[in-house]
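Residue numbers (numbering that gives the first Met the number 0), protein chains in the order written: chain A, 0 to 899; chain B, 0 to 110.
All C-beta atoms in this analysis are idealised placements derived from N, C-alpha and C, irrespective of residue type, glycine included.
Step one of this worksheet: look at the structure below.
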Amino acid sequence: MEFFLSRWVRRLRVLREHRRVEREMGEEMRLHVAMEADELMRERGLSSEEAHRQAMIAFGGVERHIADARVSRGLGVLDRMRFSWLDVKIGLRMLAKYPGLSLVSVIGMSVAIAIGAGGFAAIDALMDPSVPLDDGERVVSLQNNIEGRDNPQRHALHDFAVWRTELKSIADLAAFAIDGRNVVTPSGIEVIEVAEMTASGFRVARVSPLLGRTLLDDDERAGAPPVVVLGYDEWQRRFHADPSVIGSTVRMGTTVHTVVGVMPEGFRFPVNQRYWVPLRLNALNFPRGGGPEIYVFGRLADDVTIEGAQAELTTLGRRMAAEYPDTHELLRPVVLPYTYAFTGVHSPTMGWVLRGFQLALGLLLVVVAVNVAVLVYARTAARTSEIVVRSALGAARTRIVAQLFAEAVVLSAIAAAIGLGIAAFALARTQAFLEAASNNWVPFWMQLSLSPSAMLYTTGLVLVAGVIVGVFPALQVTGRGLQASLQQISTRGSQMQLGPVWTALIVAQVALAVAALPFAGYIAGNSLKRSMQQPNYAANEIVQGWVSLEGDEALQEADSATRHAIETRVVSGTRELLRRIETEPMVSAVAYTSAFPGAEEGARIEVDTSGARHYVRTTLSDTDMFAVLGVPLLAGRAFTPADTLPNANTVIVDRVFAEQILGGGNVLGRRIRTVERNATGGADDAGPWLEIVGVVREFGRQPDFDPANAKMYLPTALRYAFSTGLTIRLDNAAAAASFGQRLRELAAAVDPGLRMHQVSTAADAERESQQSLLAIAIAVAAITGSVLLLSAAGIYAMMSFTVVRRRREIGIRTALGAQPRRILSGIFARASAQLGAGVAGGLLLAIAIDRAMGVGPLSGRGVLLIPGVVALVLIIGLLAALGPARRGLAVSPMETLREE
Amino acid sequence: MATKADLLQGTLDLLILKTLTLEPLHGWGISKRIQQMSRNVLEVNQGSLYPALYRLEDRGLIKAAWGVSPEGRRAKFYTLTAAGRKAAGEEEAAWQLFTTAVNHVLKSATA
């Protein structure tokens, strides 16, 4: 074994230094010749020239001996397989020689690689189980999964209490909840997501504070003085890195906290936080299965594996399910790698699904590569004579296949470079978008970028594509016996056989195009159309945001008196806030709402006369919402305060609703009602009949491609909601752009616990949704475009290939006096049969997809896309057949026969 | 009777190893030494010599190093390794056994 290994090590070294080795072999052999010549001169008195000549003859060709010697060094096989710079150059030359084919292939493959590599990296980021902490892979999350549901049950205060005392396999069990608080910062009031965490959380993290201390168990005690630990950035920003910050105070919402510590730079545990306060929730204050949502985590005890901890937790879970069947019957507690609780990987099954998806993304490239292989096959087939002649001159089959593989790798490597560029750009944009949009919920350890494993995966994809594109056609072309090939060249010209496989490929290709393209076109088209729509209301002058009460969620399950007090506090606080906003100098009007334009909720309704059901969008709002937004009434009247009274039952619809749902005309006085599917499967629950009192112009962009875009508006009085949307109209755009900060201050001044979330101008919100729509449109269009391009090129290549193969037959038939029209119709009959089979298969597939999706081109005006795609595919296919057929007919019969 | 004989297949390796037991030599030197020692009967084909040398090097029986020849030329000298010395002994013993056996056959056939 050792001998075997050392021999291969020597060979690899020789391979690595092959240039030096070859040079030395040449030198050694030339020395041999020189010494032989010297001897001939000495012993036979020959002239130097003659001696050298004879020595050379006696030795034979140096180059040939070097080649033999290489084989004896065991490098023969490696030698034949090895690429040289020449192969790469030939590959590049081939790209330039067939620019159309290269362009189509590179575009198709680069899009596929971008999706493959980008998707792989994104899933990798989600699936990364290690949190960057000391011994981070031993930090775990614990949660109650609900049997048969995707989301875990996080109202786990009671469970946490039990787990904390009973679990032996987890050292330092900890929990945290996240709550937004008004915090005064140098730039004014900010709503900051604060981590309410048990002191044990810091022990799990094993990170020492930069200054002062972390939280202590004693801080969690009810009545202990409120304390806060600051993040490094906040210490820099708010306290200008003051080393004597310990003991200072920070007002957070309703409570003043004393700073007890500062964490080092980069510490953003548990998700992405900068403030830590003790978690002081007592399970006894809440019913089992109630209370706020908490995340439970801990560190595996020494010598315990995650499976060991799971076994202990499962036992405990069974006991709790038996003891408390009402709340725990369906709960399945699980131990996961820490990061999985935050990236949606709630179970090992989910992990496998994601991993499977990750690999499946690569299949896209396989499909594309097969397409490219078909194109390349046609090209390779055209080079058959070159390949056969090379074989006859002594080139080994491995060498020829290796060269064609190298050519394919050059092609896919260029596509990979472009694809990786696209993927890196898209990932960076996605990360920036998520960080901006998710309000610090992008975990601190998650970085969307092309990870080393994604690069490795891409390299694998390139090689797989190289094998499909280069090796398979090459094996097919070089597979036949040399003699047979030579014979074929000399008698029939270089003609390849296309078997049933290729016919099946044509049919599958057409079917795929017909089935997939209408849907892709529909989605891209709708997204693009909606991204172009104007907001159609005074978005520039409007500021919007959500108001809610800090710690509100924790009190949801409190007793009714406490709850009532909270609801009153929220409603009166919001009312006072509205009043104060109205008195602000630049504010012209303000209204509350349940949803902002473009983000309305979905609803199912029934119309009075027809009884037909429709999906629409709806919003509950203040009576003067349309005036605030600057949206004109087209018919009827606006809401009045009387409309908010019980049993008023009025509704205003937009023009799209009036035209699409009610068929236009005068819709005032018509009645509609909401119908909700009964959760238990019984008859639908219908609301009261609502009378249409007004029609407004449609406004607001729809942020997705859901076809339901008719909207209706219901009036409501200000009442308690977990959060209420505020829409504020200012005098001009500049005032709107700078009003956000003032809004937070006003809210905090009314009640320090009142927080304003997601404050922005309506124009910015519209722009954000416009950008994401545009991104969807571009992504889908790029994929669709590349698929269409490849399908078209594939169909063209295969059809013209079929016809070229029959060129000889066409020539003979023409020579025998057949009518060109008859010959053409013969060719077209076959082409049409293949295209027809593909179209039929594709239509069936399209209908199946439509049924499965529920939404799609068949259910709307997009149905026109299907005949469009069918026509496109047919035209491409027939054009592909026509060109080569005409060329075939143009060849003089004598010429064709002479080729015989 | 032929004055020069072709090398029997497989004997070249043994001859190279045996030649190198005396001193390190370069390729031309090895071919000349074999020719001399066989009293001009055996002539090494160059096309076989170098592949044989690289094969033996590949098997770790000899090793090569660049040096200067007595004529002052830069040349690659081959030396026997410990494994090569052992292999030379074994192959020689096998060869002796083989030739003795062949001789016995020849003698008994003529007797």
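Query, Result
"Per-residue DSSP class, three states only, for valine 666 of chain A", "coil"
"Beta carbon of valine 546 of chain A nearer than 8 Å to that of methionine 755 of chain A", "yes"
"Beta strand (DSSP E) segment containing arginine 298 of chain A, residue limits", "294-299"
"CB of glycine 752 of chain A within 8 Å of CB of threonine 253 of chain A, strictly", "yes"
"Given isoleucine 846 of chain A as reference, the closest of A:Leu632, A:Ile727, A:Ala515 once Cα atoms are compared", "A:Ala515"
"Beta-carbon proximity list for arginine 287 of chain A, same chain, < 7 Å, skipping 5 on both sides", "His157, Tyr323, Thr326"
"Contact set for leucine 725 of chain A: own chain, Cβ-Cβ below 7 Å, skip 5 residues either direction", "Gln543, Gly544, Val546, Val589, Tyr591"
"Alanine 64 of chain B at chain A interface by Cβ criterion, 8 Å", "no"
"DSSP beta-bridge partners of aspartate 684 of chain A", "A:Glu675"
"Close-in-space but distant-in-sequence residues of the same chain around methionine 251 of chain A (CB under 8 Å, 5 per side omitted)", "Arg180, Asn181, Val182, Ile191, Val193, Val227, Tyr274, Val276"
"CB of alanine 510 of chain A within 8 Å of CB of glycine 841 of chain A, strictly", "yes"
"In chain order, each alpha helix (DSSP H) run of at least 4 residues that lies wholly inside the region 403-469 of chain A", "451-465"
"Residue-level contact to chain B via CB, methionine 34 of chain A, 8 Å cutoff", "yes"
"Closer than 8 Å at the beta carbon, the chain A residues around arginine 32 of chain B", "Those within 8 Å of arginine 32 of chain B in chain A number zero; the least Cβ separation is about 13 Å."
"Residues near asparagine 90 of chain A in its chain [Cβ-Cβ closer than 6 Å; skip 5 each side]", "In the sequence on display, residue 90 of chain A carries glycine and not asparagine. Closer than 6 Å at Cβ, skipping near neighbours: Ala405, Glu406, Val409."
"Three-state secondary structure assigned by DSSP to glutamine 757 of chain A", "strand"
"Counted within 10 angstroms of its Cβ, other Cβ atoms place threonine 338 of chain A as buried (16 or more) or exposed", "buried"
"Buried versus exposed call for tryptophan 65 of chain B [16 or more other C-beta atoms within 10 Å across all chains shown]", "exposed"
"Start and end residues, alpha helix (DSSP H) containing threonine 561 of chain A", "559-582"
"Within chain A, partners of alanine 74 of chain B - CB distance below 7 Å", "Leu30"
"Contacts around histidine 345 of chain A, its chain only, beta-carbon distance under 8 Å, and the 5 residues preceding and following it disregarded", "Gln142, Asn144, Asp149, Asn150, Pro151, Val333, Leu335, Tyr339"
"Range covered by the beta strand (DSSP E) that runs through lysine 167 of chain A", "No beta strand (DSSP E) holds lysine 167 of chain A; DSSP gives it neither H nor E."
"Segment contact, 8 Å Cβ cut-off, at least three pairs: the region 286-304 of chain A with the region 154-169 of chain A", "yes"
"Partners in chain B for glycine 59 of chain A, counting only beta-carbon separations shorter than 8 Å", "Gln45, Gly46"
"Minimum length 3: unbroken beta strand (DSSP E) runs contained in the region 302-350 of chain A", "330-336"
"Span of the alpha helix (DSSP H), counted from its first residue to its last, around glutamate 56 of chain B", "45-57"
"Neighbour flag for tryptophan 94 of chain B against chain A, beta carbons, 8 Å", "no"
"Contact under 8 Å by Cβ, glutamate 35 of chain A with alanine 57 of chain A", "yes"
"Cα-Cα separation between phenylalanine 443 of chain A and leucine 210 of chain A, rounded to whole angstroms", "21 Å"
"Leucine 45 of chain A (DSSP reduced to helix, strand or coil)", "coil"
"Contacts that glycine 26 of chain B makes with chain A (C-beta to C-beta distance below 7 Å)", "Glu27, His31"
"Proximal residues to aspartate 57 of chain B (C-beta, below 7 Å), its chain only, five neighbours per side dropped", "none"
"Of the residues A:Ala174, A:Pro224, A:Gly222, A:Glu219, the one placed nearest glycine 200 of chain A, counting alpha carbons only", "A:Ala174"
"Spatially closest choice to phenylalanine 827 of chain A from A:Leu844, A:Arg805, A:Ala814, A:Leu843, by CA coordinates", "A:Arg805"
"Below-8 Å beta-carbon distance, tyrosine 49 of chain B vs any chain A residue", "yes"
"Aspartate 178 of chain A (DSSP reduced to helix, strand or coil)", "strand"
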